[in-house]
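Protein chains: 2
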Amino acid sequence: MRLEPDADGGVRVTTRLSDIADEAGVSVMTVSNVMNGKRARVSPATIEKVLGIAARLGYVPNIPARSLAANSSHIVAALVPVGENNSLLVSPHTVAVVGGMETHLRHHGYHVLLRGIEHEDQVAQTVRGWSLDGVVLVEFPDEQIDRLRVDTVPLVAIDSYSANPRAIGVRSDDDGGGRLAGKRLADAGHRRVLFAGPPYQGMGVVGQRWAGFREACLAAGLDPDDVGAVEVLTSFEDGRRLGLRLRHDHPGVTAVFATADHLAVGIMAGIAEAGGSVPGDVSVIGFDDLDFARYTTPGLTTIAQNMPAKVAEASRIVLDEIERGAGAGDGGREPVALDVHLVERGSVGPPRG
Amino acid sequence: MRLEPDADGGVRVTTRLSDIADEAGVSVMTVSNVMNGKRARVSPATIEKVLGIAARLGYVPNIPARSLAANSSHIVAALVPVGENNSLLVSPHTVAVVGGMETHLRHHGYHVLLRGIEHEDQVAQTVRGWSLDGVVLVEFPDEQIDRLRVDTVPLVAIDSYSANPRAIGVRSDDDGGGRLAGKRLADAGHRRVLFAGPPYQGMGVVGQRWAGFREACLAAGLDPDDVGAVEVLTSFEDGRRLGLRLRHDHPGVTAVFATADHLAVGIMAGIAEAGGSVPGDVSVIGFDDLDFARYTTPGLTTIAQNMPAKVAEASRIVLDEIERGAGAGDGGREPVALDVHLVERGSVGPPRG
DNA sequence: GCGACGAGGTTTAGCGGTAAACTTCGCTGG
DNA sequence: CCAGCGAAGTTTACCGCTAAACCTCGTCGC
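Residue numbers (our numbering), protein chains in the order written: chain A, 2 to 354; chain B, 2 to 354.
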């Protein structure tokens with residue numbers, strides 16, 4: 002037990018393995034083994050005695066010491082890229098992922114470090130500097146994931162379609178979701194539709210949703226020229242601006258598929274503000290099924306992702322790979338794509354006129 | 002430089018202080034001093050040489066080793082209580098706080114550990130086990146904060162009104178916000194109003210808002226019997242249920258003040274669903290000014306908190322206290338209350354009839 | 001009767017850093 | 001002319017824990 006002077010002149014108590022060892026009359030290693038569940042080499046009597054003393058003394062393991070000695074920290078980092086203003090991008094999505102990870106990992110004795118990444122090199126640096134056991138990438142652009150060179154720990158990338166074999170992608174069936182949206186609008190009778198999403202490169206999440214959407218529309222007989230796409234960012238406000246200008250900029254369009262519920266809700270607000278009605282004048286369909294989607298008026302029809310499953314899956318995979326003692330992705334694990342489904346509320350109806 | 006066999010038979014490189022020291026022909030301590038900016042005792046020439054080698058070798062400090070040796074980790078933990086299901090409570094609020102903290106602290110060389118707390122004893126354990134430098138409590142009930150016994154590191158409690166002198170509270174002017182809401186409704190002519198918020202004990206955030214609201218209503222001449230309160234939780238769905246039953250359960254009420262925008266939006270949705278109109282039949286006013294509040298129809302009139310300021314303030318205080326080398330709150334630092342203001346949108350109007 | 005073996009430990013040698021005390025040496029002031 | 005000092009390092013000791021090798025019995029098979 003180490004007694005240290007306190008700010009108030011009192012003492013602070015820190016129990017170490019050696020304190021327990023002294024009191025139990027055994028070596029430090031024996032105590033260490035008991036504490037870590039490696040009890041094969043310790044007699045039941047000793048185990049009980051050690052555990053009793055540890056409990057009485059309020060032993061709490063020292064994480065840095067353990068990390069240093071074992072070269073493994075029991076930490077999984079949630080890495081999130083930072084924007085221009087150097088602040089973390091915290092969408093509801095990120096939140097759900099990071100919060101869910103913490104819950105899942107805590108139950109398995111792991112911890113979560115939340116870290117913003119300014120430059121991709123920091124990923125490898127963080128892994129080394131912290132002796133991380135695993136990494137989950139949230140909201141990383143695929144091109145950055147492609148370039149990562151981390152091969153000592155498992156790397157799980159949420160919503161990634163990166164070709165990097167070391168990064169295990171966990172995402173929803175974005176292509177299928179796009180198809181569901183396209184089919185829903187076409188089935189309702191819409192002939193001129195618009196896809197609204199952020200600019201994208203390659204076949205990432207947005208590209209997949211667009212591809213699926215377009216495919217379903219064309220399959221339903223829409224004219225390729227009548228299946229448009231418009232680039233907007235993903236905030237409410239971007240959506241609102243699109244909604245305001247919709248009638249003017251896209252006069253013939255009777256339905257919009259937005260790649261995110263934020264965007265969709267913004268679009269609905271913009272349309273209403275401009276004097277239009279949803280779904281009377283324009284139908285709107287979103288993607289995600291965020292909690293507020295059913296509390297708008299009308300409720301937002303949207304493609305629901307199973308976020309809890311996505312997070313659970315990501316957490317499960319990191320842990321799994323850690324236990325396997327795997328370097329990132331060397332087992333060639335397949336990416337995971339989770340099912341999505343259409344949630345019908347009130348924002349899609351027949352085309353006007 | 003340590004070369005370690007790799008999964009692929011390659012090698013992995015880890016640069017340590019001693020590698021730099023060897024190459025520069027100086028001692029490890031000199032390198033350590035250079036790296037930590039304690040350069041007073043090192044000649045400019047040596048500093049430059051060491052920095053050059055460090056950069057070339059890609060030196061990354063080992064955090065656990067540093068934490069162990071210095072008994073200080075440069076980690077600030079964001080501690081969040083867990084609910085019954087043992088999962089982290091991640092409200093938009095939590096998110097903003099944790100994300101903002103990360104941004105702020107990263108720029109000062111600190112890191113953020115996100116951890117769910119199942120039992121209050123874990124707070125002190127976490128502080129010791131990780132050699133934490135500081136703690137920020139998010140969404141902790143005041144009674145739990147009252148009972149905390151952590152006196153070695155600064156403790157900042159978001160939205161706390163706890164009497165624990167060691168916990169520095171950072172919150173908005175909840176009482177003032179409540180008054181603003183009450184005055185706004187009374188000024189609009191409402192005579193029977195309702196306060197909707199979660200059950201509360203003592204004078205925490207909810208208690209303050211209620212007190213301020215009630216006070217302003219009474220000051221405006223409303224009958225105390227006509228200033229009601231109803232207990233609901235804070236989700237959209239809780240609000241919706243209240244909105245659905247509002248006309249039936251509270252027939253004379255013409256305006257509702259909800260302690261959270263979630264709740265307020267849910268209430269509006271419920272009222273609309275029951276065939277009522279906002280603000281025609283009932284006025285609704287919220288608290289927070291979350292991003293979606295201006296995209297509902299009508300837009301939500303609400304009391305805006307300055308979240309970025311709250312987070313910045315909390316981060317600033319922890320860092321400040323850490324630099325001061327202070328144990329928690331021993332400087333008797335005053336709690337901080339941030340200004341709020343009324344954001345007028347469309348959900349408040351004159352009473353019906 | 002003794003070598004092998006397994007149970008139940010102990011010992012040794014770090015992990016990569018840091019704090020604090022100690023050294024060396026050229027200057028400087030009285 | 002030398003005690004004293006500051007600049008620029010170096011040395012020593014240790015942070016708390018763990019992996020891996022080593023030790024010491026009692027027992028068991030042949």
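By construction, the Cβ of each residue, glycine as well, lies at the ideal position given by its N, Cα and C atoms.
Answer yes or no: do residue i and residue j have a C-beta to C-beta separation smaller than 8 Å?
i	j	result
V171 (chain B)	V151 (chain B)	no
V344 (chain A)	D290 (chain A)	yes
D134 (chain B)	V154 (chain B)	yes
G117 (chain A)	T95 (chain B)	no
H191 (chain B)	A259 (chain B)	no
T235 (chain A)	A261 (chain A)	yes
G179 (chain B)	V61 (chain A)	no
A315 (chain A)	M30 (chain A)	no
A265 (chain A)	G229 (chain A)	no
K311 (chain B)	I159 (chain B)	yes
K184 (chain A)	A212 (chain A)	no
V113 (chain A)	V77 (chain A)	yes
I54 (chain A)	A25 (chain A)	yes
E274 (chain B)	L245 (chain B)	yes
A197 (chain A)	I268 (chain A)	yes
V124 (chain A)	L195 (chain A)	no
Within a Cβ cutoff of 8 Å, which residues of the same chain sit near residue i, ignoring the five residues on either side of it in sequence?
i	result
G281 (chain A)	G350 and R353
R346 (chain A)	A294, R295, P299, G300, L301, T302 and T303
D340 (chain B)	S173, D174, G177 and N307
G38 (chain A)	none
I21 (chain B)	V32, V51, I54, A55, L58 and Y60
D9 (chain B)	Unreliable positioning characterises D9 (chain B) in this predicted model, as indicated by a pLDDT of 37, which lies under 50. A coordinate reading is not provided.
Along chain B, in chain order, which residues have C-beta atoms closer than 8 Å to that of residue i?
i	result
R116 (chain A)	E103, R107, H112 and V113
D15 (chain A)	The identity of residue 15 (chain A) in the sequence shown is Thr, whereas the question assumes Asp. Simply R129.
Among the residues of its own chain, which have a CB less than 7 Å from the CB of residue i, if the five just before and after it don't count?
i	result
A338 (chain B)	R172, S173 and D174
R42 (chain A)	N34
P200 (chain A)	E232
H263 (chain A)	T235, S236, F237 and G240
G203 (chain A)	D143
A305 (chain A)	D290, V341, H342 and V344
Cutting at 6 Å between CB atoms, please list the residues of its own chain near residue i, excluding the five before and the five after it.
i	result
S68 (chain B)	S74 and S132
N87 (chain B)	none
S348 (chain B)	V279, P280, V285, P299, L301 and T302
E322 (chain B)	P155
L320 (chain B)	H109
Q209 (chain A)	D175 and D176
F214 (chain A)	G179, A182, G183, F196 and F258
G287 (chain B)	A259, D262, A265, L301 and T303
R326 (chain A)	Looking at the sequence provided, one finds Gly at residue 326 (chain A) rather than Arg. Answer for G326 (chain A): no residue qualifies.
Under 7 Å between beta-carbons, which chain A residues line up against residue i? List them in chain order, please.
i	result
N37 (chain B)	The contacting residues do not exist; N37 (chain B) stays about 15 Å from chain A at best.
A66 (chain B)	L69
V96 (chain B)	V91 and V96
Give me the chain B residues within the contact set of residue i, using Cβ-Cβ distance strictly less than 7 Å, ordered along the chain.
i	result
Y1 (chain A)	This structure cannot settle anything about residue 1 (chain A), because the visible part of chain A is limited to 2 through 354.
G100 (chain A)	L89 and V91
Residue i touches chain B at which residues, Cβ-Cβ below 9 Å?
i	result
S74 (chain A)	I64 and P65
So which residues on chain A does residue i lean against when the C-beta distance must stay under 8 Å?
i	result
A273 (chain B)	T298
Pull out every residue of the segment 127-150 of chain A whose Cβ sits closer than 8 Å to any Cβ of chain B, in chain order. R129, G130, W131 and S132
4-residue-minimum alpha helix (DSSP H) runs that sit fully inside the segment 150-195 of chain A, ordered along the chain: 175-188
Let me know the beta strand (DSSP E) ranges lying completely inside the segment 254-341 of chain B, each 3 residues or longer, listed in chain order. 256-259, 284-289, 302-306 and 337-339
Report the residues of the segment 279-295 of chain B with a CB closer than 8 Å to any CB of chain A, ordered along the chain. D292, F293 and R295
For the segment 30-62 of chain A, enumerate the residues whose C-beta is nearer than 9 Å to any C-beta of chain B, in chain order. G59, V61 and P62
Unbroken alpha helix (DSSP H) runs of length 4 or more, entirely within the segment 46-103 of chain A: which are they? 64-71
Where in the segment 192-236 of chain A do unbroken runs of the alpha helix (DSSP H), each at least 4 residues long, occur, reported from the N-terminal end onward? 206-220
Every unbroken beta strand (DSSP E) within the segment 10-37 of chain A, with a cutoff of 3 residues, ordered by chain: 12-15
Residue ranges of each alpha helix (DSSP H) within the segment 106-154 of chain B, 4 or longer: 122-131 and 143-148
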